[in-house]
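Under our numbering, residues 894 to 1069 are what the sequence shown spells out, in order. Idealized CB from N, CA, C, for every residue including glycine. Heads up, the thing below is written out as C-alpha cells.
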Amino acid sequence: MLQVVDKSRLISHSFALTSHTKHVVRKLSDMAFCFSRGLAEDKDPIIYEVFENQMRDLSCAFTRILPGKIGGEFFMTKGHFHTDEDASEIYHFLSGRGLILIQKDNKCKALEVEEGQTLYIPPLWAHRAINIGNKVFSFLAVYRSNVGHDFDISKKGFLKIAVSKKGKYCLKDNKG
Ligand code: S6P
Ligand code: ZN
C-alpha cells in the first residue's frame, strides 16, 4: 500500500506515535547489564521506547530516550550491529542532546548531535544512542526493513561509556 508522508508529519512525534507497527519499551530491568555500575536501584525506570513503522522495503522508527543516569552513566539504547553487511541507516534528530557511539573493530567514535541534525551511519558500524541532556532525546531512524539486528555488543559493551561530570558528560574507557 502506498503511504504518503508530508514533511511536517514525518518529523512530528504524533506521526511516529500513531503510525507504528511495533512498540518496544525498555526498562532498566531489561538492560541492566548495559550499565557498568550503580545497579543497586530499587526502581525500574523506563530508559527508552521505540515506535517502529515497518513498511515493505523501508522502515522508520521513532526513538525517545528519557533523561536520567544509572550510577552516573547516562540513559542510552542497547545498541546493535546490522546483520546485513551492506546496511546503512539515517538518523534525524528531533529533540534534545545526544551522543551517538559508533564502533567497528577496535575503533569507537562519539558524535555529539542535537535537534535538527541528520546523521548517516555506515554499514558494519555498531551504533548506540545516549541522552546527555536533561530533556527527552528523540530521533527518527530510516533503514531497510531487512537489515537484521544483532544485539551481542550490548552484552559485551561498547569500548566507551558516557558518564556525568560537573554537569557535563565525559567519555571513559569501558573497563567492563
Ligand atoms: C534501527 C535503529 C533504531 C534503534 C532504536 C533502539 O536500526 O538503529 O531504530 O533500533 O534506536 O535502539 P536498539 O539498539 O535498542 O535497537
Ligand atoms: Zn540500527
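Annotation: the continuous beta strand (DSSP E) that includes S1031 extends over F1030 to R1037.
For a cut-off of 8 Å, the C-beta gap from I993 to L1012 is around 6 Å, short enough to register as a contact. Taken atom to atom, the span from the alpha-carbon of Y984 to that of S952 is near 12 Å. For H916, the pairing in a beta bridge is given by DSSP as F944.
Counting C-beta atoms within 10 angstroms of its own C-beta, Q996 has 16 or more neighbours from the protein chains shown and is therefore classed as buried. Nearest neighbour of N1027 by Cα position, chosen from K1068, Y1062, A925 and M924, turns out to be Y1062. Under the DSSP assignment, I1046 falls in the alpha helix (DSSP H) whose first and last residues are D1045 to K1049. Counting only beta-carbon distances shorter than 5 Å to the non-hydrogen atoms of ligand 1, the qualifying residues in chain order are V943, A954, T956, T970, K971, G972, H973, A1034 and Y1036. DSSP, reduced to helix, strand and coil, places A1055 within a strand of the structure shown. G972 sits close to A1019, with the two beta carbons spaced by under 8 Å. With fewer than 16 other beta carbons inside 10 angstroms of its own, T976 counts as exposed. If you compare the alpha carbons of E1008, M948, C927 and G1050 with that of C1001, the shortest gap goes to G1050. Looking only at G1069, P938 and V1035, the smallest Cα-Cα distance to F944 is reached by V1035. Rounded to whole angstroms, the separation of the alpha carbons of E966 and A954 is 24 Å.
For the segment 984 to 1027, the full-length beta strand (DSSP E) segments reaching 3 residues or more read 990 to 997, 1000 to 1007, 1011 to 1014 and 1019 to 1024 along the chain.
S952 has Q947 and Y1036 as its beta-bridge partners, per DSSP.
Of the heavy atoms belonging to ligand 2, at least one sits nearer than 7 Å to the Cβ of H1020.
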